[in-house]
Amino acid sequence: MSRAKKALLIIFLILLADQVLKIWIKTNLSIGDEIVVFKNWFILHFVENNGMAFGFEFAGEYGKMFLSVFRILAVVAIGWYLFKLTKEKDIPFGFIVCISLIFAGAIGNIIDSLFYGMIFNHSYGQVAALFPEGGGYSSFLHGRVVDMFYFPLIEGRYPEWVPRVGGNPFIFFRPVFNIADSAITVGIFSILLFYRKHFNKHEENQSKENGTEELATESETKP
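This is the structure:
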């Protein structure tokens, strides 16, 4: 199997797992419902967000639209870069796997943003239906991302002497996320840990090649 086909298989499997779980959560739970997988540390907790990974958001309708368009452009750029990498034999396959993870995660969340608002009704106080008769809860580009993984590993309270948050409840790890978020995070951290030097070297080589091509073009055009 070629490296390109292996990369496509990784992307397909991540997308399949991500979307199957999201659709199951959406059609079986309402917002705020949860299933305790392992007591006190692993919970499936259904939330939706309008924005970025791990529940971060851009406010307002235009913020959501901007984020959706930005995601589309980012996916196109990452896809183009990944296609180039699979054609270069000197690139370690592990690095291609990392980019494939990031690419799959980006697509996984963008599917929610683009289409979930049209194919699901809302999940507030009810279990959503897929392709409801009355239409979806929103329009194209305005879907909400489904999150479910919640790991409250440590719970307690901030010490009273801590400014502003003293005495307030403390939970680690508080963010709720999904498979797509995990794929992006694993891909980025793996590059930083194992392939940062290679990534920088590859970018330098690309810049040198581009500069050489520009000089060659200039010399050809000179009389």
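Here our numbering runs 457 ahead of the position in the sequence shown, where the first position is 1. Even glycine gets a Cβ: it sits at the ideal position worked out from N, Cα and C. None of these values were measured; they are calculated from a predicted model.
Exercise for the section: Just the C-alpha distance for N625 and R614, rounded to the nearest angstrom, thanks. Expected result: 5 Å
Practice task
Pull up the distance between the alpha-carbon of S459 and that of K544, whole angstroms please.
Solution key: 10 Å
Practice task
Verify whether the separation of the beta carbon atoms of I471 and L558 is less than 8 Å.
Solution key: yes
Exercise for the section: Enumerate in chain order the residues of its own chain whose CB-to-CB distance from A640 is below 6 Å, with the five nearest sequence positions on each side excluded. Expected result: I471, L558, A561, G562
Practice task
Take L542 as the anchor and find which of F634, F651, P632, K462 has the nearest alpha-carbon.
Solution key: K462
Practice task
Give every residue of the same chain whose Cβ lies closer than 7 Å to the Cβ of V554, excluding the five residues on either side of it in the sequence, and list them in chain order.
Solution key: I467
Practice task
Just grab the DSSP bridge partners of E506 for me.
Solution key: The sequence shown places Asn at residue 506, not Glu. The partner list for N506 (beta bridge, DSSP) reads V602.
Exercise for the section: Identify whether L466 lies in helix, strand or coil by the three-state DSSP scheme. Expected result: helix
Handout entry: Endpoints, the beta strand (DSSP E) within which I492 is located
Key = 491 to 495
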